[in-house]
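Residue numbers (our numbering), protein chains in the order written: chain F, 5 to 156; chain S, 5 to 156.
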DNA sequence: ACGATATGGTGTCAATTGTTACTATTTGCC
DNA sequence: GGCAAATAGTAACAATTGACACCATATCGT
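Next comes the structure, spelled out in structure tokens:
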């Protein structure tokens with residue numbers, strides 16, 4: 005039997021490292037801006053693409069629609085985003101940053117890039133690029149199948 | 005201002021892919037063996053290293069001690085692991101697989117390796133190796149500092 | 001045009017997860 | 001030897017998360 009060593013088992017190591025990175029980032033955002041990870045993701049997506057809807061954010065980020073809904077409500081209450089009823093679909097909102105949201109984003113975005121550099125800047129030349137490419141290849145292998153590899 | 009694109013933002017992509025992989029694995033283990041991810045990790049560690057204690061498992065896997073405690077109790081109830089009071093430290097248990105646990109492990113381990121191959125086998129030659137090495141480098145960068153990058 | 005079905009979004013509930021506090025034992029220090 | 005501080009493990013609680021049910025609107029087939 006081929007042996008199994010947890011230390012070399014890729015799904016474990018991936019989860020382990022990812023959790024550490026997420027923890028570090030989450031702490032920083034909470035402390036600096038009072039934003040949870042879902043909330044800051046919404047801010048980032050909306051800044052990139054004004055007028056998106058919650059469903060579009062779900063598709064793009066893989067977050068659950070309930071998570072997105074809660075984050076949107078919270079950001080709305082803090083008046084960081086505006087939720088205008090969509091003209092073309094009266095069930096949906098078009099999400100946009102308010103002025104306050106744009107001010108926040110102007111602080112958040114550079115900080116995000118700085119954190120990224122702190123963590124991934126120590127990698128060798130090309131290493132980060134290859135790493136990102138491999139992550140994308142894994143996504144492709146998992147496919148659009150909601151991720152149930154074992155269902156065959 | 006250097007632009008921030010969520011699609012290229014490494015902490016996000018890492019979390020995204022890791023969640024998909026974990027989800028796939030978790031579903032498979034739940035369905036096949038009725039094991040949660042913490043539980044199957046305990047089985048794997050104990051199989052590798054008979055007589056370990058819960059604290060050692062925490063150190064090795066980064067899991068919270070409460071999580072480990074719960075998993076150990078659950079596995080004990082199912083009589084997959086035995087929890088013998090440690091001779092040298094009467095607070096601790098020495099954990100070991102029962103006969104039933106070993107039977108289970110003999111099924112679980114090959115399946116784990118097969119799942120790993122299904123997901124990571126599609127990567128190019130050396131790509132998986134480099135990927136693992138990069139994960140370890142990231143761990144090293146984060147250091148032992150409980151992961152608070154922002155605390156400076 | 002109209003009924004069936006799908007979709008955007010939210011409320012509610014259950015399960016998971018982490019936080020804090022606690023007991024029992026051990027270790028280090030005087 | 002005895003007391004302070006640390007550690008192994010657990011319990012009780014709080015917060016996060018996701019699953020499910022639901023309403024309003026939109027889309028599709030006929």
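Beta carbons are placed, not taken as given, at the ideal position from N, Cα and C, and that holds for glycine.
These numbers come from a predicted model, not from an experiment.
Please state if the CB of residue j and the CB of residue i are separated by a distance shorter than 8 Å.
i: residue 100(F); j: residue 88(F); result: yes
i: residue 116(S); j: residue 8(F); result: yes
i: residue 25(S); j: residue 41(F); result: no
i: residue 98(S); j: residue 55(S); result: yes
i: residue 145(S); j: residue 38(F); result: no
i: residue 21(S); j: residue 46(F); result: no
Say whether chain F places a C-beta atom closer than 8 Å to the C-beta of residue i.
i: residue 138(S); result: yes
i: residue 47(S); result: no
i: residue 21(S); result: yes
i: residue 105(S); result: no
i: residue 43(S); result: no
i: residue 99(S); result: no
i: residue 96(S); result: no
i: residue 132(S); result: yes
i: residue 75(S); result: no
i: residue 117(S); result: yes
i: residue 14(S); result: yes
i: residue 79(S); result: no
i: residue 63(S); result: no
i: residue 127(S); result: yes
i: residue 29(S); result: yes
Can you tell me the Cβ-Cβ gap for residue i and residue j, rounded? I've got them flagged as a contact below 8 Å.
i: residue 62(S); j: residue 49(S); result: 10 Å between Cβ atoms; not a contact.
i: residue 77(S); j: residue 102(S); result: The Cβ separation is near 15 Å, so there is no contact.
i: residue 75(F); j: residue 43(F); result: 5 Å
i: residue 96(S); j: residue 57(S); result: 5 Å
Would residue i count as contacting chain S if we go by Cβ distances under 8 Å?
i: residue 59(F); result: no
i: residue 143(F); result: yes
i: residue 10(F); result: yes
i: residue 24(F); result: yes
i: residue 89(F); result: no
i: residue 82(F); result: no
i: residue 17(F); result: yes
i: residue 158(F); result: In the structure displayed, chain F extends from 5 to 156; residue 158(F) sits before or after that span and is not available.
i: residue 113(F); result: yes
i: residue 55(F); result: no
i: residue 146(F); result: yes
i: residue 85(F); result: no
i: residue 123(F); result: yes
At a cut of 8 Å, does the segment 135 to 143 of chain F reach the segment 16 to 32 of chain S through at least three beta carbon pairs?
-> Per the Cβ contact rule, the segment 135 to 143 of chain F is in contact with the segment 16 to 32 of chain S (3 or more Cβ pairs under 8 Å).
If you pair each beta-carbon of the segment 53 to 61 of chain F with each one of the segment 111 to 126 of chain F, do three or more pairs fall below 8 Å?
-> Judged by pairs of C-beta atoms under 8 Å, the segment 53 to 61 of chain F does not touch the segment 111 to 126 of chain F, as fewer than three such pairs exist.
Can you check the segment 36 to 104 of chain F for any beta strand (DSSP E) of at least 3 residues that lies completely inside it and give the ranges in chain order?
-> Here the runs fully enclosed are 85 to 89, 97 to 101.
Every unbroken alpha helix (DSSP H) inside the segment 8 to 37 of chain F [4 residues or more] | 14 to 37, all fully within the segment 8 to 37 of chain F.
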